[in-house]
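Trainee:
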Amino acid sequence: MYTKDYARTINSYPNKGEKLQLLAKVQAIPGNDAFTLDKLASWFNRHRNPAHAASRAKDRHSPMEETPIPRFVDDDSILFPKLTPTHLAQLQGLYRKRPEPAEGIITFWATRLNADRDEVAAWIQYQQVKARAAAVATSPTSESASPTTPTMFPKPHLPTPAMSMSPPHSPEMRMHSLPPIAVKMEGSRRSESPPTMGPVVSPPVAHKSSFPLMPLTSQTTSISANLPPVARLHHPAPQPKIPLKSPPDAQLMGHLRNSMLQDIATSERIPPSTAEEFDARFRPYERSIQSFVQNVESGRLKHLGWDASQISET
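Going by our numbering, the letters in the sequence shown line up with residues 3 to 316, in that order.
This is the structure we're talking about:
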């Protein structure tokens with residue numbers, strides 16, 4: 003038979019295109035017009051089944067052919083007995099077009115093919131595992147990625163930060179930031195700059211000094227033991243802030259100048275032509291001066307340094 007020769011000499015696992023070509027040749031033989039694609043797929047599945055080969059061997063009359071010819075076992079027929087050869091052929095075609103189907107697609111396939119849904123899902127999972135195993139076997143980097151390859155281990159390199167540890171802290175190193183230097187600097191600061199109202203936020207370590215560092219001795223240890231707490235050295239007693247005052251004459255001149263400039267800016271800058279016009283223009287300034295003198299005499303401007311005795315003296 004033509005299909006037997008094709009399966010033995012060419013391919014026992016033809017794809018859909020090869021099956022269609024083979025079907026056309028089989029149908030061209032007289033008497034095979036009713037031969038269909040499903041029958042062809044079923045024949046190939048039976049041909050690959052070792053049980054079918056054993057049954058054919060029993061029917062042979064030649065003693066030389068009693069031993070069945072070993073053939074490749076169809077693993078799909080063994081692992082998925084609930085799937086018929088037609089189901090397997092149809093699933094092969096669907097899987098080629100969609101190798102990563104979702105759960106909904108798998109359910110739809112099983113429903114349309116009248117197949118068991120769990121069997122279809124297991125068959126698809128098995129095909130994916132085989133595809134991944136074949137990809138790993140044919141990958142050019144598979145040999146270099148083996149755990150026994152010497153290239154996996156890097157060459158010796160510089161030590162990591164975990165290996166280069168800093169030396170442990172010793173009492174001599176802690177002596178560099180002891181408060182005796184801060185005590186000396188505190189006295190010089192009080193004489194050079196005025197005291198501040200808020201506390202000093204910077205720690206004692208931030209103060210730099212030009213004094214040389216002294217080694218740790220028993221004498222310096224006893225001195226540092228009797229020192230007051232560091233917090234007291236950096237919290238001076240608050241002192242009342244005396245407001246700065248300018249001389250009264252300067253304040254008076256500034257007030258009069260500002261008021262006069264404001265009035266002059268709004269006037270027409272034309273000199274008076276008569277005594278009445280001069281009195282009319284000078285009257286606002288005269289009222290401002292009288293109001294200022296009254297405020298000084300009444301003590302309203304005493305907080306600015308003006309006293310009634312200054313008016314009497316002038």
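Backbone N, C-alpha and C fix where the C-beta goes; we use that ideal spot for every residue, glycine too. Fair warning: this is a prediction, and the values are worked out from it, not measured in the lab.
Using 8 angstroms as the cut-off, can you tell me whether the stretch 107-125 makes contact with the stretch 36-43, which would need three or more C-beta pairs spanning the two stretches below that distance?
Mentor: Output reads no: the stretch 36-43 does not touch the stretch 107-125.
Trainee: If distances are taken between C-alpha atoms only, which option among Asn47, Leu25 and Phe46 comes closest to Phe37?
Mentor: Working through the sequence shown from its first residue, we reach residue 37 at position 35. Ranking Asn47, Leu25 and Phe46 by Cα distance to Phe37 puts Leu25 first.
Trainee: Can you tell me whether Phe280 is buried or exposed, with buried defined as 16 or more other CB within 10 angstroms of its CB?
Mentor: The count along the sequence shown starts at 1 and reaches residue 280 at position 278. With fewer than 16 other Cβ atoms within 10 Å, it is exposed.
Trainee: Out of Gln23, Asn47, Lys27 and Lys6, state which residue places its alpha-carbon closest to the alpha-carbon of Gln92.
Mentor: Translated into the one-based positions of the sequence shown, residue 92 becomes position 90. Nearest option by C-alpha distance: Asn47.
Trainee: So, for Leu90: in the same chain, excluding its five sequence neighbours on each side, which residues have a beta-carbon less than 6 angstroms away from its beta-carbon?
Mentor: The sequence position of residue 90 within the sequence shown is 88, counting from 1. Contacts found: Asp78.
Trainee: Can you tell me where the alpha helix (DSSP H) with Asp120 in it begins and where it stops?
Mentor: Here residue 120 is taken as the residue at index 118 of the sequence shown, counted from 1. Its alpha helix (DSSP H) spans residues Arg119 to Thr140.
Trainee: In terms of alpha-carbon separation, which member of Leu85, Gly106, Lys132 and Arg98 lies closest to Val122?
Mentor: In the sequence shown, counting from the first residue as 1, residue 122 sits at position 120. Of Leu85, Gly106, Lys132 and Arg98, the residue nearest in Cα terms is Leu85.
Trainee: So Asn116 is in the alpha helix (DSSP H); what residue range does that whole segment cover?
Mentor: Counting from 1 along the sequence shown, the entry for residue 116 is found at position 114. First-last for Asn116: undefined, no H or E at that position.
Trainee: Are there 16 or more other CB atoms within 10 angstroms of the CB of Ile108, so buried, or fewer, so exposed?
Mentor: For the purposes of this step, residue 108 is taken as the residue at position 106 of the sequence shown. So Ile108 ends up on the buried side.
Trainee: Nearest to Asp7 by alpha carbon, out of Phe110, Tyr287, Trp45 and Ser275?
Mentor: Within the sequence shown, residue 7 is the residue found at index 5, counting from 1. It is Trp45.
Trainee: Could you tell me if Pro286 is buried or exposed, where buried requires 16 or more neighbouring beta carbons within 10 angstroms of its beta carbon?
Mentor: The residue you call residue 286 lines up with position 284 of the sequence shown. The residue in question, Pro286, is exposed, as its Cβ has fewer than 16 Cβ neighbours within 10 Å.
Trainee: Exposed or buried, Ala9, counting other C-beta atoms within 10 Å across all chains shown (16 or more means buried)?
Mentor: Counting from 1 along the sequence shown, the entry for residue 9 is found at position 7. It is buried - the Cβ of Ala9 has at least 16 other Cβ atoms within 10 Å.
Trainee: So Tyr97 and Gln129 are supposed to be a Cβ contact under 8 angstroms. How far apart are they, rounded?
Mentor: Here the question's residue 97 lines up with position 95 in the sequence shown. Here the question's residue 129 lines up with position 127 in the sequence shown. At roughly 6 angstroms, the Cβ-Cβ gap stays under 8 angstroms, so Tyr97 and Gln129 are in contact.
Trainee: If you draw a straight line from the C-alpha of Pro87 to the C-alpha of Ile80, how long is it?
Mentor: Position 85 of the sequence shown, counting from 1, holds the residue named residue 87. Position 78 of the sequence shown, counting from 1, holds the residue named residue 80. Between Pro87 and Ile80, the C-alpha separation is close to 12 angstroms.
Trainee: Between the C-alpha atoms of Arg259 and Gln241, what's the straight-line distance to the nearest angstrom?
Mentor: As a working mapping, residue 259 is identified with position 257 in the sequence shown. As a working mapping, residue 241 is identified with position 239 in the sequence shown. The alpha-carbon atoms of Arg259 and Gln241 are separated by roughly 36 angstroms.
Trainee: Return the chain-ordered list of same chain residues with a C-beta closer than 6 angstroms to the C-beta of Leu303, the five sequence neighbours on each side being excluded.
Mentor: Indexing the sequence shown from 1 puts residue 303 at position 301. Within the same chain, Leu303 has close Cβ partners Asn297.
Trainee: Quick check on this structure: which residue in Thr140, Gln94, Ala137 and Ser300 has the alpha carbon closest to the alpha carbon of Gly19?
Mentor: The residue labelled residue 19 in the question sits at position 17 within the sequence shown. Answer by Cα proximity: Gln94.
Trainee: Leaving out five residues before and five after Leu22 in sequence, what residues of the same chain have Cβ atoms less than 8 angstroms from its Cβ?
Mentor: Position 20 of the sequence shown holds residue 22. Closer than 8 angstroms at the Cβ level, and outside the excluded window around Leu22, lie Leu39.
Trainee: If you reduce the DSSP assignment to three classes, tell me which class Lys317 lands in.
Mentor: Residue coverage of the chain in this structure runs from 3 to 316, which leaves residue 317 outside it and unanswerable.
Trainee: Note the first and the last residue of the continuous alpha helix (DSSP H) segment covering Arg289.
Mentor: In the sequence shown, counting from the first residue as 1, residue 289 sits at position 287. Here the alpha helix (DSSP H) through Arg289 covers Ala277 to Ser300.
Trainee: So what does DSSP say about Ile12, is it helix, strand or coil?
Mentor: For the purposes of this step, residue 12 is identified with residue 10 of the sequence shown, where counting begins at 1. If DSSP states are grouped into helix, strand and coil, Ile12 belongs with coil.
Trainee: Of all the alpha helix (DSSP H) runs that stay within the bounds of the stretch 13-43, which reach a length of 4 or more residues?
Mentor: Counting only runs of 4 or more, we get 18-29.
Trainee: Alpha carbon to alpha carbon, how far is Ile272 from Gly256? Give it in angstroms, no decimals.
Mentor: Reading the sequence shown from its first residue, position 254 is the one you call residue 256. Reading the sequence shown from its first residue, position 270 is the one you call residue 272. Spanning the two alpha carbons is a distance of roughly 24 angstroms.
Trainee: For Phe110, count neighbouring Cβ atoms within 10 angstroms of its own Cβ and tell me buried if that reaches 16, exposed if not.
Mentor: If you number the sequence shown from 1, residue 110 lands on position 108. By the neighbour-count rule (16 or more Cβ atoms within 10 Å), Phe110 is not buried but exposed.
Trainee: Can you tell me the Cα-Cα spacing of Ile31 and Glu105, whole angstroms?
Mentor: Walking along the sequence shown from the start, residue 31 turns up at place 29. Walking along the sequence shown from the start, residue 105 turns up at place 103. Taking the straight line joining both Cα atoms gives about 44 angstroms.
Trainee: Can we count Leu85 as close to the ligand HEM, meaning its CB is less than 7 angstroms from some heavy atom?
Mentor: You won't find the ligand HEM in this model; it holds no ligand whatsoever.
Trainee: Which residues in the same chain have their Cβ closer than 8 angstroms to the Cβ of Ala133, if we skip the five residues on either side of it in sequence?
Mentor: As a first step, residue 133 is located in the sequence shown; it is residue number 131 there, counting from the start. Excluding sequence neighbours, Ala133 sits near Pro101.
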